[in-house]
Structures are given as C-alpha cells and as structure tokens.
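The block underneath contains the structure these notes are about, expressed in structure tokens.
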Amino acid sequence: MKRRGQKGVMFASTKFYTVSQLNVNPIRGEIKRYYGAGHVKNLSYERMINEEILETLKSSKWIDRGTRIVVVEFVLFNYNSLMFDNVKILAELPPVGGIVTSHQFQAVKLHSIWSDADYSVFIAAIIFYLMTTFYTFEEIGELITIGSVKYLKSVWNLLDISVLLMSYLSLIYNMFHHKYLNGILEKSKENPNHFWSIDKICFWNLLYIDMMGICVFLVWIKIFKYISINKTMLQFSTTLKRCAKDLCGFAVMFFIVFLAYAQLGLLIFGTSHPDFREFGISIITLMRMFLGDFEYELIEEANHILGPIYFLSYVLFVFFILLNMFLAIINDTYGTVKDEVNQGYSKFGPYLAKILQKCFWWRKKDPEHNILKHTNDSKGQLPLKDSNGHSSDTFYPMTNEGSLPEDDTLRLRISELIREYFEDLPFDGNRLQRVHLNAKENDDIRRLTNRITLLEDVLEQLIADMDLILRNIEGKQKRTSKKE
C-alpha cells in the first residue's frame, strides 16, 4: 500500500520512498497525475496479518488531510496462460473532500515472439525481420546512388526509414522482454515476501504495442505509392499534393478561430458544464459538434443567454463557412487535376503491354528475323519493300563474300535499314542491293534496330508531353479570358 503526497522520512512507522527506489511509473488518476513517491507499507499473504496492519494504520491516522491518493498495488501471475497482470486500485482524496476511486489493469505476456511456444509466430517473425534486412540494404543502395540530399527530400523514403527504425526497435524490445520478466520470476522465488514492481516493463510493452500499430499504419499508407499508377488513384494523390499549400494556409485561419471558440467555451461554461471543464476537453467537445455529438440543453442550462449565442455562432461560422471553404479548395483542385489526368499520357497501358509482350515474346515476329530468313531461303537474295510499305516478292542477288570491304558492306546495310524505316522506297527493278550478311553484321543490325525502336518510343512520349503542355496552356488562356 502506498500513501502519496506526504513528505518526510518516517510517518506512522512507514518509510518514505522515491520513484527510483520504488521502480515505478507515474500514475494518472481521475483528478490529476501523481509521480510515484510516498510512504509505503507492505502487506503479506495472510488475511489476519493484513487486518492487523490496516488497524494499526487506521489508529495512527495514516490517512489525514494531507493525503491525496492511496494505492493498493499487486502483481498476479497466471501459470496456465503464462501472463502477468499488473493491478492498481486507486482512491483519490481531493481537497474539497470525498473519495474518487478508479482502477488500472495491464496484462503482459511472459514470452516474446522469440520464446513463444507457437511456431507460427516464430516463423512469421523470422520472415518479417528477413524482409526488414533486405529492405535495409535496398534503402542503403538507393541512398548511395542518388545522394543523401535528394534521398531525404522524398516523403516515401522518410516513411521507409521510419518503418525500418521501428522494426529494429521492436527487435531490441523482444530480446529484452523475456529476459527481464524471467529475472522478475527468479527474484520472486528467492524473496516471495518482497513486492517486485513490473511498471517499467508494462510501460515499455505499451510503447511497443503503440509503435507496432504505427508501423502497420505506415506500411498500409505506402500502398498509395504503388496504386498511383491507376488513373483514379493518381487523381486523388495529385489533388492532395496540389492543394497542400492552400490547405496549410486555411488550417492556420481555421485553428485560430477554433481555438478561440474553445477558450471562450472554457471561460463561459467551465464551472457549470462538464464538457468544458478543461481546455483540452473543450477542444474535443467542439470536434464532437462536427459529428453532431453534443447536448444543447446542457449548454443552455450553463448560460441561458450566452449559451445559444455561442452555439449558433459556432455552427454558422465554423461549421458552415470554414468547412465549406475547405471542401471548395479540394473540389477546385480536383477538377483541374482530373482534366489534366484525362488529357495526359497514361503509363499503365504501355507498361502492361510491355509485360504482356515479354510474356508472349515468342508470338511476336521480328521483322529483321523474317528478312534474314527470306534471305537464307533465297540463297543470298534480299527482299525490298514497295512504295506502299508492303514486302515485295522480288528478290535481289547480293554480292559474293569479299566483293566489298567489310566496313562498306555494313554501312550499306545500315543505310538501307534506315531508309526502309523512315521513307517509302519506290520500286526500282534496276536497283540492286549490294549487302553482305554474316553473323557479326546481324548482331550489329539487330542492335541498331533496337535503338531505332527506343528512339520511336522516346519521340512518342515527347509528342504526348508536348500535346499535354499545349492543352494546359489553352486551358489557362480560356480560364483567363473567362475571368476578364
């Protein structure tokens, strides 16, 4: 039993202990927060002995007008479930008199993920930390490649760093958790009459749970990075990016008015309305009004003159005007972004087409391969295209090996391919192709064809970007002319 708030070395045969000596955390009661120091009296496992101790404390007036809280604290261990239960029963004594009671229960498992008997948890933990290690090296490689300044400018990279940091902190905690609680068990066996507090491990366990919850939340948020390839998701994410500055400016004005109303509610209704008794509670009460969760009768009873004026002015000015301004900013930006995305070039279609092309590459015929095949079948003859771009059935004999130098032969072949790609060649029966083919030249020609294909893709993307820029300029000119 702990009696807090009384200073002195000894009082009613009980010694004063500090927070570090008791190895406990501050306690938050219904009235205020208490920091753990006070006079302590240990109880036993025998009921008769405990009754005698309580009678002695009562006769010596251990609880007097200076007492602010009495805490009955004990720890239970369930061997069947291998769990600890940290129990605190609080009795607060406010200066105005009376007793405010409350309780706190916190359960903690003996085993961590590394010592749990459930092998599925152990396997899942191994997979999780292997993935964490893999992504750590991936982030280090990206940091080295693009540089620290450019790397830290990306919000997604900061999110990855946060997830990795929390993952490694969870690893450290799980290694410490089981060892600490096993030490508590060993100490309790050696000295069963002494109270061993587990407040510290309960506090760290609570932080661990909160940290992993935030980690899971950030991992889910990261999905937006990959679904932005979809046009609809791209509209949403782009809208938030475009209107971020406008929303920040609006938030400054909104919170000035909002906090002013919260302070006004505290001063007007603080002594008579429970939902305005503190500044923080006043803020929560005003947020609840956004959702329609309020009791107007209590506001009117607290102040029948200023109560209705306060409520109506808050609803009209904050709820209708400011919130509608917030929606107007988002709607205006969304309309602009939607037009740009619809007019722009979508990367999802070409990306999917390339994947399907790689999956079914054997079905796609290579024009150069067909030319070489016809050449081999025709015993040294090369087909040419007619003026309509269709393949001609006429084959032209090629020069014998060694009739032209190797460099001239390759140059002639490259010139012919470029001419066939960029212009329509008229049919000329007297025009002969003096091209010599061998294995080395075929590789060079194939490499050149791939480069030309890549050039075509770049030009196509460039044309699409130019069209988008022109449409944006036309849209801005139209909007400017309408405003004028």
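Add 1333 to a position in the sequence shown, counting from 1, and you land on the number used in our numbering. For glycine and all other residues, C-beta sits at the position ideal for the given N, C-alpha and C.
Check                                                                                                               : Outcome
Reduced DSSP secondary structure (H/G/I, E/B, other) of LYS1421                                                     : strand
Beta-carbon proximity list for TYR1484, same chain, < 8 Å, skipping 5 on both sides                                 : GLU1475, LEU1476 and ASN1490
Cα-Cα separation, GLU1388 to ASN1356                                                                                : 28 Å
Three-state secondary structure assigned by DSSP to PHE1609                                                         : helix
N- and C-terminal bounds of the alpha helix (DSSP H) containing PHE1536                                             : 1532-1554
N- and C-terminal bounds of the alpha helix (DSSP H) containing ILE1505                                             : 1488-1523
C-beta contact flag for ILE1601 and LEU1639 at 7 Å                                                                  : yes
Given PHE1652 as reference, the closest of PRO1641, ASN1419 and MET1620 once Cα atoms are compared                  : MET1620
For GLU1523 and PHE1410, the rounded distance between their alpha carbons                                           : 16 Å
Outcome for VAL1670 when other beta-carbon atoms lying within 10 angstroms are tallied against a minimum of 16      : buried
Check whether ASP1532 and ASN1375 have beta carbons under 7 Å apart                                                 : no
Backbone CA spacing between PHE1569 and LYS1555 [nearest angstrom]                                                  : 14 Å
Counterpart residues of PHE1438 in DSSP-defined beta bridges                                                        : VAL1420
Under 7 Å between C-beta atoms of MET1544 and MET1499                                                               : yes
Terminal residues of the alpha helix (DSSP H) in which ILE1638 lies                                                 : Where ILE1638 is concerned, there is no enclosing alpha helix (DSSP H), given that its DSSP letter is neither H nor E.
Residue from SER1530, SER1503, TYR1513 and ILE1617 whose Cα sits closest to the Cα of ILE1547                       : SER1503
Close Cβ partners of GLU1385 (< 7 Å) along its chain, the five nearest in sequence each way excluded                : none
Close-in-space but distant-in-sequence residues of the same chain around ILE1662 (CB under 7 Å, 5 per side omitted) : CYS1576, ASP1579, LEU1580 and PHE1583
Coil, strand or helix - ILE1364 by DSSP                                                                             : coil
Cα-Cα separation, TRP1395 to GLU1425                                                                                : 15 Å
CB contact flag (ASN1419, VAL1405, <7 Å)                                                                            : no
Buried versus exposed, by CB contacts within 10 Å (16 or more), VAL1403                                             : buried
Residue range of the alpha helix (DSSP H) that includes GLY1371                                                     : That residue, GLY1371, is in no alpha helix (DSSP H); its beta strand (DSSP E) goes 1371-1373.
Whole-angstrom distance between VAL1433 and ARG1398, CA atom to CA atom                                             : 15 Å
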